[in-house]
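Engineer: Structure below; questions to follow.
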Amino acid sequence: MRENQSLLIFGLGFSGRAVARLALHAGWQVTATVRSTDKAIAVKAQCPEITCLPLDDDGSLDALATATGQASHILMAAPTAEQSDGHHADPFLSIAERDWFSGDCWLGYLSTTVVYGDWAGRWVTESSETRSQSVRGRRRIAAEAQWSALDAKVHIFRLAGIYGPGRNALETVRDGRARIIDKPGQVFSRIHVDDIAQIVWASMQAPTAISGGPEIYNVCDDYPCEPGEVIRYACQLLGVNPPLSVAFQDAGLSAMGRSFYEDNKRVSNAKAKRLIGGGMLFPTYKEGLNAEFKQLAKED
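Residue numbering for the sequence shown follows my numbering, beginning at -9 and increasing consecutively.
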């Protein structure tokens, strides 16, 4: 590993920022791509230590080439998108083709547990078949395969439903957007953003991937459960009555909303817990929401 550690994040979103905070705390140099100059200005106002490269600035291309070549660690944290040439499932794969990467850098890719598709509530591990039939899932499967085909040591992190500060069931209830949709037997796995960061950070400290085959980690907490349970607990913390349950077939969900209920699985995090050498910071949604509720109480 290089003496001077530097992290380059492609796509500085919710999860990328959490990883960036750990790197900055450790004294690393952090560079990240953002979509626009306005976004770069906003990030700078909140965290001036991060060097932002706005993708709407043509002058950033040379800086990005330099940062890519010099980075000891590169994290791909951008969503997939339909490409005009139909070739790339990930918008940053074209960067890899420019031969900018240093051969010895750590390379991480944030994917999703959506790739597993429907398992009728059964448990899945990293070795389970990726059988997703959704557009989002198929794009992620394609992106994983394309990154894995590179002559690089690729670490893939399959993230469950993400929550954390400002993005959780407490906020949903307070905003009046909470619904309890009853679909018997339906469960979801989830993960607090700080646990994503600690798992990715642990991999960055002790890389395990080899060229020609990715190292894959499921990133989720210990307790998959039906989503209504989480909403009811958030209501309990806030001291409000939970919304009435609505049958799935009567919920009037959009096509996107219905797609989230097409997959039913329990995701194992045993491998990730071995990586971090212990348990999750937030092993269930209760610990996570309790922490967020305490923070809300301080702010109020």
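Glycine included, every Cβ here is placed at the ideal spot set by N, Cα and C.
Are the beta-carbon atoms of Asn231 and Gly111 separated by less than 9 Å?
Structural biologist: Result no, Cβ atoms of Asn231 and Gly111 do not sit closer than 9 Å.
Engineer: Grouping DSSP H, G and I as helix and E and B as strand, with all else coil, what is Ile152?
Structural biologist: Strand, per DSSP.
Engineer: Restricting to runs no shorter than 4 residues, where is the alpha helix (DSSP H) found entirely within the segment 110 to 174?
Structural biologist: Runs found: 125 to 138, 159 to 164.
Engineer: In the DSSP assignment, what are the bridge partners of Asn259?
Structural biologist: BP columns for Asn259 are empty, so no partner.
Engineer: By how many angstroms is the C-alpha of Lys284 removed from the C-alpha of Asp290?
Structural biologist: If you take the alpha carbons of Asp290 and Lys284, they lie about 10 Å apart.
Engineer: With burial defined as no fewer than 16 other Cβ atoms inside 10 Å of the residue's Cβ, what is the status of Val105: buried or exposed?
Structural biologist: Counting Cβ neighbours within 10 Å, Val105 comes out buried, since at least 16 surround it.
Engineer: Check whether the segment 273 to 282 touches the segment 114 to 133, taking contact to mean three or more Cβ pairs, one atom from each stretch, closer than 8 Å.
Structural biologist: The answer is no - the segment 114 to 133 does not touch the segment 273 to 282, with fewer than three Cβ pairs under 8 Å.
Engineer: Give the secondary structure of Gly203 by DSSP, where H, G and I count as helix, E and B as strand, and everything else as coil.
Structural biologist: It is a strand residue.
Engineer: How many whole angstroms separate the CB atoms of Ala150 and Arg180, which I take to be in contact at a CB cut-off of 8 Å?
Structural biologist: Going by Cβ atoms, the distance from Ala150 to Arg180 rounds to 5 Å, so yes, they are a contact pair.
Engineer: Check this for me: beta carbons of Ala22 and Leu2, under 9 Å apart or not?
Structural biologist: Their beta carbons are under 9 Å apart, which means Ala22 touches Leu2 by this criterion.
Engineer: What's the call for Trp137, buried or exposed, on a 16-neighbour Cβ count within 10 Å?
Structural biologist: With 16 or more Cβ atoms within 10 Å of its Cβ, Trp137 is classed as buried.
Engineer: With a Cβ-Cβ cutoff of 9 Å, do Cys215 and Ala262 count as a contact?
Structural biologist: Not a contact, by the Cβ cut-off of 9 Å.
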